[in-house]
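Here is the structure we will look at, set down as structure tokens.
There are 2 protein chains.
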Amino acid sequence: MVRQNIKVAVDAVVFGYKDKALNVLLIKRNIDPFKDSWALPGGLVLENESLEQAVVRELKEETNVTIDYLEQLYSFGDPDRDPRNRVVSVTYFALVKPEHHAIKADTDAQDVAWFDVTELPDLAFDHIQILETAKKRLQNKLTYEPVGFDLLADKFLFSDLEKLYMTILQKVIDRRNFRKKILSFGILEELDEKISEGRGRPANLFKFNKKQYFKLKEEGFLFDIK
Amino acid sequence: MVRQNIKVAVDAVVFGYKDKALNVLLIKRNIDPFKDSWALPGGLVLENESLEQAVVRELKEETNVTIDYLEQLYSFGDPDRDPRNRVVSVTYFALVKPEHHAIKADTDAQDVAWFDVTELPDLAFDHIQILETAKKRLQNKLTYEPVGFDLLADKFLFSDLEKLYMTILQKVIDRRNFRKKILSFGILEELDEKISEGRGRPANLFKFNKKQYFKLKEEGFLFDIK
Numbered sequence: 001m002v003r004q005n006i007k008v009a010v011d012a013v014v015f016g017y018k019d020k021a022l023n024v025l026l027i028k029r030n031i032d033p034f035k036d037s038w039a040l041p042g043g044l045v046l047e048n049e050s051l052e053q054a055v056v057r058e059l060k061e062e063t064n065v066t067i068d069y070l071e072q073l074y075s076f077g078d079p080d081r082d083p084r085n086r087v088v089s090v091t092y093f094a095l096v097k098p099e100h101h102a103i104k105a106d107t108d109a110q111d112v113a114w115f116d117v118t119e120l121p122d123l124a125f126d127h128i129q130i131l132e133t134a135k136k137r138l139q140n141k142l143t144y145e146p147v148g149f150d151l152l153a154d155k156f157l158f159s160d161l162e163k164l165y166m167t168i169l170q171k172v173i174d175r176r177n178f179r180k181k182i183l184s185f186g187i188l189e190e191l192d193e194k195i196s197e198g199r200g201r202p203a204n205l206f207k208f209n210k211k212q213y214f215k216l217k218e219e220g221f222l223f224d225i226k
Numbered sequence: 001m002v003r004q005n006i007k008v009a010v011d012a013v014v015f016g017y018k019d020k021a022l023n024v025l026l027i028k029r030n031i032d033p034f035k036d037s038w039a040l041p042g043g044l045v046l047e048n049e050s051l052e053q054a055v056v057r058e059l060k061e062e063t064n065v066t067i068d069y070l071e072q073l074y075s076f077g078d079p080d081r082d083p084r085n086r087v088v089s090v091t092y093f094a095l096v097k098p099e100h101h102a103i104k105a106d107t108d109a110q111d112v113a114w115f116d117v118t119e120l121p122d123l124a125f126d127h128i129q130i131l132e133t134a135k136k137r138l139q140n141k142l143t144y145e146p147v148g149f150d151l152l153a154d155k156f157l158f159s160d161l162e163k164l165y166m167t168i169l170q171k172v173i174d175r176r177n178f179r180k181k182i183l184s185f186g187i188l189e190e191l192d193e194k195i196s197e198g199r200g201r202p203a204n205l206f207k208f209n210k211k212q213y214f215k216l217k218e219e220g221f222l223f224d225i226k
């Protein structure tokens, strides 16, 4: 075979909805290059593990977060994306509920934290480009898959769902139209329970109708938000 | 860095519409493993080229087909997908008009040919899995992008477009509904020119309205075919 000295890595973009904003899970590197920079969790693939096993392992090692299923995002392979050596990174992404995961840095990470995607520090390597690609994928997903279930708490205000969609799409949506459309899919259940936030009137909590939700997710649906 | 002996390859799934059927471009290998088997064009990435440059080069070398832009499909990395060595393949796909490309085998290919995707030979490595992934991507694309332009001849019968969609979706579509929907996008122009096929009455030729086509492609549109 052709002589080739390229390494293969995996990196993970893990999104969570936290403090009413779209967040991403980052680690602070404790090794060179980019020591002390924030970066996506990830690392080199071991000889005998699959790419999926590698990304699950790296995520667990560096952040203590266990995710069984990550979706493949894109492979990044510019010859000089890593100053040490040529490294092709196969990237993955996942949506989680931060409150279900206790984070803790270890191995190559000296720290781990959730960052609001609109207030990011400088990132190592080409990780900002990977993150932008993941954000676009997530925006796309919203049009054909009901995404909220994986991100919101079990019970949530309708305004949380609105805010989530606006945050991901990075635009203001027509609230009345959005409400009408999303309710028409039958995936939301309005509960009797109410909570009040700030000075507003108490508002009803909602939860997802799991059965209908997974049916829609399976079948695919088209949801165009103008 | 961790010791790692994984190679990186690229493979290309090139679809074309030929003889009223969805075809894929395959090469016949002249090297081991899988010598004399049909396979997707592709090969190892050279040290200093990008992944995109690698797939364009391999395609040109093995099939004589020049494609400037291929879309990344998925990366396949099962530890034992190649009997020689561990190889991660970053795969790409493209849609072309076969009549615009003269094919000719060279380098690792002893032959090259278009195959109807419903009448495939046994394929080398996990290439059948890669091809299935590409077919699913293409099916998906049909719902949000007008795909025909890249595949059909410049002038075509409406029945060609119908057949193309049915071939890709692998199902019978409601012809009247399909016609109504596709015409509503304003991307087709009916020409005065007629041709007759078989025993049928002469039918009008169509062409794409390029401007409107690229506008829709740019903006994205939702086209749900039941």
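Each protein sequence line maps, in turn, to chains A and B. Numbered by the UniProt record's numbering, the letters in the first sequence go through residues 1 to 226 in order. Numbered by the UniProt record's numbering, the letters in the second sequence go through residues 1 to 226 in order. No residue lacks a Cβ here, since even glycine has one placed at the ideal position from N, Cα and C. Nothing here was measured: the structure is a model prediction, and the numbers come from that model.
- Message: Assuming contact is defined by CB atoms lying nearer than 7 Å, are A:Thr63 and A:Val112 in contact in what I supplied?
- Response: yes
- Message: Determine, for A:Gln53, whether the minimum Cβ-Cβ distance to residues of chain B falls below 7 Å.
- Response: no
- What residues from chain B crowd round A:Gln4, counting only those whose CB sits closer than 8 Å? Lys7, Val8, Leu44, Val45, Leu46, Glu47
- Message: For A:Glu162, list the residues DSSP reports as bridge partners.
- Response: According to DSSP, which records beta bridges pairwise, A:Glu162 is partnered with nothing at all.
- Could you name the residues of chain A that B:Pro79 contacts, counting a contact when the two beta carbons are closer than 8 Å? Glu47, Asn48, Glu49, Ser50
- Item | Given A:Pro121 as reference, the closest of A:Asn5, A:Leu40, A:Asp19 once Cα atoms are compared | A:Leu40
- Check the Cβ of A:Gln72 against every Cβ in chain B and list those closer than 9 Å, keeping chain order. Tyr74, Ser75
- Query: With a Cβ-Cβ cutoff of 7 Å, do A:Trp114 and A:Leu22 count as a contact?
  - Reply: no
- Message: For a test of the three-state rule: what should DSSP assign to B:Leu142, helix, strand or coil?
- Response: helix
- Item | Residue interval of the alpha helix (DSSP H) (run including A:Ser184) | 175–184
- Task: Quick one: residues in its chain with C-beta nearer than 7 Å to the C-beta of B:Phe34, no 5 flanking neighbours on either side, listed in chain order?
- Result: Ala124, Phe125
- Check whether A:Val96 and A:Val10 have beta carbons under 7 Å apart: no
- Task: Note the first and the last residue of the continuous alpha helix (DSSP H) segment covering A:Thr118.
- Result: Taken as a continuous stretch (DSSP letters only), A:Thr118 belongs to no alpha helix (DSSP H), as it is neither H nor E.
- Taking one C-beta from the region 69–86 of chain A and one from the region 98–112 of chain B each time, how about it: are there three or more such pairs within less than 8 Å? no
- Item | Buried or exposed by the 16-neighbour rule on C-beta atoms within 10 Å, applied to B:Gly200 | exposed
- Quick one: which chain A residues come within Cβ less than 8 Å of B:Arg86? Glu47
- Query: Between A:Gln170, A:Lys135, A:Ile187, which lies nearest to A:Phe93 when the distance is taken from Cα to Cα?
  - Reply: A:Lys135
- Task: Give a yes or no on whether 7 Å exceeds the smallest Cβ distance from B:Val13 to chain A.
- Result: no
- Query: Count the other CB atoms within 10 Å of the CB of B:Arg84; is the residue buried (16 or more) or exposed (fewer)?
  - Reply: exposed
- Closest by CA to B:Pro146, which one among B:Ser184, B:Arg175, B:Arg29, B:Asp68? B:Ser184
- Message: Is there a C-beta anywhere in chain A that falls below 7 Å from the one on B:Val172?
- Response: no
- Item | is_contact[A:Val90, chain B] using C-beta, thresh 7 Å | yes
- Tell me whether the beta-carbon of B:Asn204 lies closer than 7 Å to the beta-carbon of B:Glu190. yes
- Opening and closing residue of the alpha helix (DSSP H) in which B:Leu59 lies: 51–63
- Determine the extent of the alpha helix (DSSP H) in which residue 232 of chain A is found, giving its start and end residues. Only positions 1 to 226 of chain A appear in this structure, which leaves residue 232 of chain A out of reach.
- Which of the three DSSP states, helix, strand or coil, is assigned to A:Gly16? strand
- Among residues of its own chain, excluding the 5 on either side of B:Ile187, which ones have a beta-carbon nearer than 7 Å to its beta-carbon? Pro146, Phe208, Asn209, Gln212, Tyr213, Leu216
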